[in-house]
Amino acid sequence: MESNRTVLTTHVRPDGDGIASELALFQILKSLGREVHIINHDPVPEIYEWLPFSDIIKSTRGGNVPLLDSIDLSVLLDCASENRIGSACEVIRNSRDIVSIDHHEGNECFRDYCYIDTSASSIGEILYSLVPDIKRLLDRDLATCLYVSIMTDTGSFAYSNTTPAVFRIVSELIEYGLAPDEIYKNIYNHKRIGHFRLLGKALERMERDESGRVVSVLLPLKLYRESGAVEEDNEGILEVIRGLGGIELIILLRQIDETMLKCSLRSVNSIDCSHLARLFDGGGHFKAAGFVLKGDVEKTGKSIVEKILREVKECGWL
Ligand code: 5GP
Ligand code: MN
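Just so we're aligned: the sequence shown equals residues 189 to 506 in the numbering used here.
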């Protein structure tokens with residue numbers, strides 16, 4: 189039997205790759221005549237609300253689980269394990285088939301069928317390469333979503349996953365009337381003042397280890413309150429810290445609510461962030477990974493940083 193009712197989902201706290209690749213696949217499957225729903229744990233971050241069709245995305249956060257029976261196919265995009273999709277899990281539980289399309293190392297391949305390409309910059313790149321006859325389906329909206337997926341996961345074409353294939357694909361995509369400057373502005377140039385206040389405080393709190401090559405920043409809730417910032421306002425802080433010369437690893441630890449903290453790890457050369465994140469049951473890529481833990485940044489932040497530093501030394505990376 190052909191699958192018809194399809195649900196797409198991505199990880200909690202979705203990023204540009206998660207949201208834009210869902211919207212791209214939504215358009216691809218719709219054009220093939222399927223009934224497609226996008227259901228995520230979290231709502232669409234404000235910076236991606238302008239994306240075509242983003243208003244069809246539903247969130248299950250707070251127990252709002254849409255009732256959908258007889259789902260034939262669910263597709264998990266950009267997540268390496270089931271626990272990364274949060275409460276959207278309840279929606280897809282009874283799906284006949286579950287497929288995963290991902291580019292993370294250590295994907296558990298927990299489902300019926302997994303397409304994992306760790307060499308791909310983004311899910312957008314995978315979809316572009318994987319979907320037969322993609323050029324026949326392409327229009328401005330689809331090109332926009334694929335472009336945003338690739339652009340956000342390559343750090344606007346600045347990270348080492350920016351391969352010749354990436355440039356070949358995006359040069360094709362922008363032929364559909366995309367304006368890279370407008371897209372960039374839509375995503376990155378609408379920050380709130382709270383972001384800048386938080387950024388200022390975060391920069392003041394940058395600490396370096398004895399080698400000077402690891403930078404850590406701890407952001408407790410009180411810093412958000414003092415800055416008038418919300419969770420999404422941390423977006424972009426890491427990118428600023430990345431500019432510091434001579435560093436190998438950035439550790440950003442922030443409180444995300446009263447009980448949970450989140451760590452983002454970024455490596456510049458040869459430190460394996462995904463290995464470090466897995467020590468705390470997280471995951472990600474070699475150069476960008478993260479984990480979420482129960483705890484208080486003010487109480488346990490320092491010991492988490494120390495544990496990471498010990499591992500870095502034991503692995504001979506510093
Ligand atoms: P970010 O630090 O921007 O949230 O995430 C960077 C990378 O690490 C992303 O590829 C993301 O999938 C992965 N990552 C972040 N947080 C988690 C987490 O809690 N668990 C897992 N498995 N991966 C994470
Ligand atoms: Mn991704």
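Every residue, glycine too, gets a C-beta built ideally from N, C-alpha and C.
Bear in mind that the values here come from a model prediction, so they are computed numbers and not experimental data.
With a threshold of 16 other beta carbon atoms within 10 Å, P202 meets it and is buried. Shown here, I289 sits in a strand according to DSSP, grouped into three states.
Secondary structure of L441 (DSSP, three-state): strand.
Here the alpha carbon of H199 sits roughly 15 Å from the alpha carbon of S452. If you look at N457, you'll find it isn't in any alpha helix (DSSP H); DSSP assigns it neither H nor E. Annotation: A465 to I289 spans about 21 Å, alpha carbon to alpha carbon. Residue burial annotation: Y236 is buried, with at least 16 other C-beta atoms found within 10 angstroms of its C-beta. Remark: C-beta atoms of V402 and L449 do not approach each other more closely than 8 Å.
By the C-beta density criterion, T447 is exposed, having fewer than 16 other C-beta atoms within 10 angstroms. Listed in chain order, the non-local C-beta contacts of S455 below 6 Å within the same chain comprise L437, C461, K475, local neighbours out to five positions each way being set aside. Sorting S275, P320, D341 by C-alpha distance to the C-alpha of G250 places S275 at the top.
Of the heavy atoms belonging to the ligand 5GP, none sits nearer than 7 Å to the Cβ of S209. In terms of Cβ geometry, S310 and D285 do not form a close pair [threshold 8 Å].
The beta carbon of L334 is closer than 7 Å to those of A212, G312, L315, Y316, L361 in its chain, skipping five residues each way along the sequence.
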